[in-house]
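In this note's numbering, each residue's number is its place in the sequence shown (first place is 1) plus 1. A short write-up of the structure that comes next.
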Amino acid sequence: MAKKNDIQFQQIIEAAIFASDTPLTIEQLQSSVLAEFALSKRKISQLIKKIQLDFDPRGIELVKLGSGYRFQTRSTLSPWVSQLWQEKAPKYSRAMLETLALIAYRQPITRGEIESVRGVAVSSQIIRTLQERGWVKVIGHKEVAGRPALFATTASFLDYFGLQCLEDLPALIEDKLSEQITSH
């Protein structure tokens with residue numbers, strides 16, 4: 002193939018990320034659509050930064066998430082864009098959201114530890130729903146009697162909530178749950 006310039010490389014990267022069903026990492030781009038060009042990770046990163054700048058004034062943006070890069074609509078435009086979908090976002094119970102928050106902020110954590118903080122039993126349905134959504138997974142077992150499962154969040158959790166890493170989680174607000182989370 003003929004020698005490509007940076008604009009052509011940017012077009013390839015942009016098209017690949019746009020066409021992909023899932024976020025793409027620099028490594029995935031390097032080993033697939035850019036494999037024949039032997040570009041360094043640093044060079045690909047520079048090209049991605051240029052694409053991000055090119056999209057800065059637009060309604061969509063190229064964002065880095067926990068599992069790679071994807072295009073998405075700007076969150077500031079969601080009041081208008083959300084009108085395209087008639088279905089409502091799923092509603093999650095307070096119990097499910099508290100359980101997810103505990104897993105996110107205290108991981109790895111056992112079901113018993115979640116129950117101890119919340120003061121009530123965690124239903125199997127809540128854990129199953131969080132696993133089916135791909136937001137949490139079992140990452141091992143605690144070395145205590147009964148060897149309870151240890152739960153942690155996944156890259157899908159980060160992607161869904163628009164986070165690159167767990168450090169991007171918002172600071173806990175001062176309420177009863179955050180006091181419980183931080184006091185244990």
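Virtual Cβ for every residue (Gly too), placed ideally from N, Cα, C.
When the alpha-carbon of Ser68 is set against those of Ser157, Glu62 and Pro171, the nearest one is in Ser157. Closest in alpha carbon position to Ala96, among Arg71, Pro80, Leu131 and Thr77, is Leu131.
Secondary-structure assignment with DSSP links Ile110 through a beta bridge to Phe152. DSSP places Tyr70 in the strand class (E or B) of the three-state scheme. Out of Leu167, Leu30 and Ile8, the CA that lies nearest to the CA of Thr155 is found in Leu167. Nearest neighbour of Pro24 by Cα position, chosen from Pro171, Leu164, Ala172 and Leu170, turns out to be Leu164. If you check the CB distance, Phe72 and Leu48 do not come in under 8 angstroms.
The C-alpha of Arg112 lies about 9 angstroms from the C-alpha of Ile104. Contact check for Leu98 and Asp160: beta-carbon distance about 18 angstroms, past the 8 angstroms limit, so the pair fails to qualify. With 16 or more other Cβ atoms from the protein chains shown falling within 10 Å of its own Cβ, Trp136 counts as buried. Shown here, Ile45 sits in a helix according to DSSP, grouped into three states. Beta-bridge partners of Val123 (DSSP): none assigned.
Under the three-state reduction of DSSP output, Ile18 falls in the helix class. Burial check for Leu35: the Cβ neighbour count within 10 Å reaches 16 or more, so the residue is buried.
Assigned with DSSP and collapsed to three states, Glu144 falls in coil, not helix or strand.
Listed in chain order, the non-local C-beta contacts of Leu78 below 7 angstroms within the same chain comprise Gly60, local neighbours out to five positions each way being set aside.
One Cα belongs to Glu62, the other to Ile174, and the distance between them is close to 29 angstroms.
Taking C-beta atoms as the reference points, Gln108 and Phe152 count as a pair closer than 8 angstroms.
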